[in-house]
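In what follows, a single structure is set out as structure tokens and then discussed.
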Amino acid sequence: SRRCDDGRTRHTVESAPYMLPNDLTESDRLDAQHYLVRFIFKGNYNVQLDPESPSLRILDVATGTGVWALEMAHEFPKAEIHGVDISAIFPTEIKPPNCHFQLCNILDGLPFPDNHFDFIYQRLLVYALSPAQRRQVNAELLRVLKPEGFLQLVESDGIVYNPGPQMERINQLSLETSLRHGVDPREVQTMKSGLKHSGYINVNSFNIALPVGAWGGKAGSLSLQN
């Protein structure tokens, strides 16, 4: 990691356009974001998984603090859970015995064999990958996913809808900043076709409108903090 002019630390992987810090303040935000996403989706996953399967393998891509992987390891104690990230902000010692973390830049390939995982989870990487890198990552995830396995992607277009003048300006600045860093959050709207083009089958998607502000109850308050 390197310390930037704003006093925050960030990763030093030149090929990855991810802009956000990787310090303790960001770790706290990522954990709070996890609880927000879990609350919105009413759980950590939307696929059928057998908790009694002794051979279940699960991968968390861009695991961050590892909070999702840790919760899955507790829910599926017989499963083998792996989390990878370009920043080592995940636990290294205090973790369940079936949960494993390692430093990894997915753009360099995953350190796992073909057809290895039953379930792969990836969340909120639209601001971390260029369109070309997204296609590369889709192919790499398909390589390590079992033919009958599941991939779940959770993404946000980062747009605040029905904005006032100030929020409209923030929307525009956010998009301009992203494009300058080589990422395009509007790509979320073509992810389904992109997955099909990469060779995935039975691709399904659904949208959730997330409130921002106290008027939206618990979800709105959490998203405003995030």
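When we follow full-length UniProt numbering, the leftmost residue of the sequence shown carries the number 1, and every step to the right adds one. Backbone N, C-alpha and C define an ideal beta-carbon position, used for all residues, glycine too.
Cut-off 8 Å between Cβ atoms - residues of its own chain near residue i, not counting five sequence neighbours on either side
{"i": "residue 67", "result": "30, 31 and 34"}
{"i": "residue 203", "result": "192, 195 and 196"}
{"i": "residue 56", "result": "49, 50, 76, 78, 79, 80, 118 and 119"}
{"i": "residue 219", "result": "36, 39, 40, 210 and 211"}
Environment of residue i [buried if 16+ CB atoms lie within 10 Å]
{"i": "residue 63", "result": "buried"}
{"i": "residue 65", "result": "buried"}
{"i": "residue 122", "result": "buried"}
{"i": "residue 217", "result": "exposed"}
{"i": "residue 58", "result": "buried"}
{"i": "residue 60", "result": "buried"}
{"i": "residue 164", "result": "exposed"}
{"i": "residue 128", "result": "buried"}
{"i": "residue 138", "result": "buried"}
Distance between residue j and residue i (C-alpha atoms, nearest Å)
{"i": "residue 76", "j": "residue 223", "result": "28 Å"}
{"i": "residue 92", "j": "residue 106", "result": "19 Å"}
{"i": "residue 147", "j": "residue 166", "result": "47 Å"}
{"i": "residue 100", "j": "residue 46", "result": "22 Å"}
{"i": "residue 97", "j": "residue 79", "result": "10 Å"}
{"i": "residue 102", "j": "residue 205", "result": "29 Å"}
{"i": "residue 212", "j": "residue 40", "result": "13 Å"}
{"i": "residue 136", "j": "residue 151", "result": "15 Å"}
{"i": "residue 159", "j": "residue 177", "result": "13 Å"}
{"i": "residue 153", "j": "residue 134", "result": "12 Å"}
{"i": "residue 155", "j": "residue 124", "result": "5 Å"}
{"i": "residue 215", "j": "residue 89", "result": "33 Å"}
{"i": "residue 149", "j": "residue 24", "result": "34 Å"}
{"i": "residue 28", "j": "residue 116", "result": "31 Å"}
{"i": "residue 208", "j": "residue 104", "result": "30 Å"}
Cβ-Cβ distance between residue i and residue j below 7 Å
{"i": "residue 86", "j": "residue 69", "result": "no"}
{"i": "residue 188", "j": "residue 126", "result": "yes"}
{"i": "residue 142", "j": "residue 199", "result": "yes"}
Sequence-distant residues of the same chain with beta carbon closer than 7 Å to residue i, five excluded per side
{"i": "residue 140", "result": "106, 109 and 110"}
{"i": "residue 44", "result": "38, 68, 71 and 72"}
{"i": "residue 74", "result": "96"}
Beta-carbon proximity list for residue i, same chain, < 6 Å, skipping 5 on both sides
{"i": "residue 227", "result": "Because residue 227 is not part of the residues shown, which for the chain are 1 to 226, the question remains open."}
{"i": "residue 172", "result": "none"}
- Report yes or no: do the region 106-114 and the region 42-53 share at least 3 C-beta pairs separated by less than 8 Å? no
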